[in-house]
Amino acid sequence: MKKRLCLSLTISFLLGLLTASSAQQIVIRAVGDIMVGSLTPRPVLPNDMHLNQAKKMRNYFSGADIVFGNLEGVFVEDNTPPQKCSESSRKAKKCYEFGMPSPLADILVDMGFTILSIDNNHTADYGDEGYLLTSDVLEEKNIHAIPKAGHVVVRVNKQKIACVAFGFTKNSYLVTNIKHAQRIVTALSKRYAIVIVSFHGGKEGKDAQHVKDEMEMFYGEKRGNLIAFAHAVIDSGADLVLGHGPHVLRALSCYRDRLIAYSLGNFYTFGQFRLSGPAGIGAILEILIDAQNGHFIRGKIIPTVQIMAGVPAYDPKKQAIGILKELTQTDFPDSALRISSDGMVYSEK
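Those letters in the sequence shown? Residues -22 to -1, 1 to 327, per mature numbering (1 follows the signal peptide of the UniProt record, and there is no 0), in order.
Okay, structure coming up:
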């Protein structure tokens, strides 16, 4: 009887320790760009085989407190008209609009996403109608949509976490207006225990893998000095900075004990994207942060690759680990952040 009582007390004690430990940290799993199949510029939509493959990725998100991505496009109905491009620019393939049939939102639920940014250069592809419909569709699916010039709040272990998005297009909180960004983040940090900043910025394509401490230009647009931006929002109270937009992987960095991911590349970009070379390689980044002070504890890179015209799969070659390790060492040689050969991310500070 005494042995059983001791065993029961021991198990209860250990379970209590595990519960206390999990309550002291927040687990985020984040990816880059997502577009699950579009009606424009020509209809290319996933079939059951594609969707079943995508559902398998849920295994890599299970157990996270927050699962984040950037929704590169909008959900539409059959009669929703595209509004961004002129007919001539569409035919010349100089302008692209991504309209995803609204039933495809179910795959995001099946995969386990909880927060998506809808602040990027494709959220106005179908005008206000598409943008508002996207917000409504995601809300119906219990997925938080971070809007332009706004934020969402989620609760993890009784902590309130604010997630705010920045971009470079009309009606966004601008990545190019750093002073304004600081005011926004400062205000949020006074109200919420943890602040996560998402930004859409930077050049695009295979030649845009490196991040530099300078203003980035693409198609004549100012797309931010992203190092200056990330450091400024952390100085103002941000606890994690997640970047997207270049459609390729970029370096990781740690500044004042906070993690910055400058771009997590393409995760699930079906049918309309060129996925050769670095554009087809992505990553799921697991980040553990301290629930009390937002400090980065450790992370893990889960390498992904797109198959079957743009469906995510685990990459057995683990290309993302090598790419992120090299980019991080090259772009931030003085950083204490380290990436091991098996994808563990940690600080030697």
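Even glycine gets a Cβ: it sits at the ideal position worked out from N, Cα and C.
Remember, predicted model here, so these are calculated numbers, not experimental data.
- In three-state DSSP terms, what is His28? The residue you call residue 28 lines up with position 50 of the sequence shown. Note: His28 maps to helix in three-state DSSP.
- Task: Return the CA-CA distance between Leu116 and Gly51, expressed in angstroms with no decimal places.
- Result: Working through the sequence shown from its first residue, we reach residue 116 at position 138. Working through the sequence shown from its first residue, we reach residue 51 at position 73. Cα-Cα distance, rounded: 13 angstroms.
- Nearest-angstrom beta carbon gap, Pro290 and Gly260 [assumed within contact, 8 angstroms]: On the sequence shown, residue 260 is found 282 positions in, with the first residue counted as 1. On the sequence shown, residue 290 is found 312 positions in, with the first residue counted as 1. Indeed they touch by this definition, with Cβ atoms about 7 angstroms apart.
- Message: Using C-beta distances below 6 angstroms, list every residue in its chain close to residue 411, excluding the 5 sequence neighbours before and after it, in chain order.
- Response: Nothing in the structure corresponds to residue 411, since the chain is present only between -22 and 327.
- Nearest candidate by alpha-carbon position, reference Ser254, set Gly277, Ser40, Lys184 and Ile96: For the purposes of this step, residue 254 is identified with residue 276 of the sequence shown, where counting begins at 1. It is Lys184.
- Message: Three Cβ pairs or more, each shorter than 8 angstroms: is that satisfied between the segment 134 to 149 and the segment 64 to 82?
- Response: no
- How is the alpha helix (DSSP H) around Tyr109 delimited, first residue to last? Along the sequence shown, one-based indexing puts residue 109 at 131. Element bounds for Tyr109: Gly105 to Glu118.
- What separation, rounded to the nearest whole angstrom, lies between the Cα atoms of Asp268 and Arg169? Along the sequence shown, one-based indexing puts residue 268 at 290. Along the sequence shown, one-based indexing puts residue 169 at 191. When rounded, the distance between both Cα atoms is 18 angstroms.
- Message: Within 10 Å of its beta-carbon, does Leu230 have 16 or more other beta-carbons around it, so buried, or fewer, so exposed?
- Response: The sequence position of residue 230 within the sequence shown is 252, counting from 1. Label assigned to Leu230: buried.
- Query: Given that a residue counts as buried once 16 or more other Cβ atoms are within 10 Å of its Cβ, and exposed if not, what is Glu264?
  - Reply: Within the sequence shown, numbered from 1, the residue matching residue 264 stands at position 286. Its Cβ being crowded by 16 or more others within 10 Å, Glu264 is buried.
- Message: Looking at the secondary structure, which residues open and close the alpha helix (DSSP H) in which Ser66 lies?
- Response: Position 88 of the sequence shown, counting from 1, holds the residue named residue 66. From DSSP, the alpha helix (DSSP H) with Ser66 extends over Glu65 to Lys69.
- Message: Starting from Asp268, trace the alpha helix (DSSP H) in both directions and tell me its first and last residue.
- Response: Here residue 268 is taken as the residue at index 290 of the sequence shown, counted from 1. First-last for Asp268: Ile259 to Asp268, but that is the beta strand (DSSP E), not the alpha helix (DSSP H).
- Work out the CA separation of Gly108 and Thr18 for me, nearest whole Å. Taking the sequence shown and counting its residues from 1, one reaches residue 18 at position 40. Taking the sequence shown and counting its residues from 1, one reaches residue 108 at position 130. C-alpha separation (whole angstroms): 13 angstroms.
- Task: Out of Asp191, Leu94 and Gln3, point me to the one whose CA is closest to Lys136's CA.
- Result: As a position in the sequence shown, residue 136 is number 158, starting the count at 1. Cα-wise, what sits closest to Lys136 is Gln3.
- Item | Bridge partner(s) assigned by DSSP for Lys138 | Locating residue 138 in the sequence shown gives position 160, where the first residue counts as 1. Answer is Arg133, bridged to Lys138.
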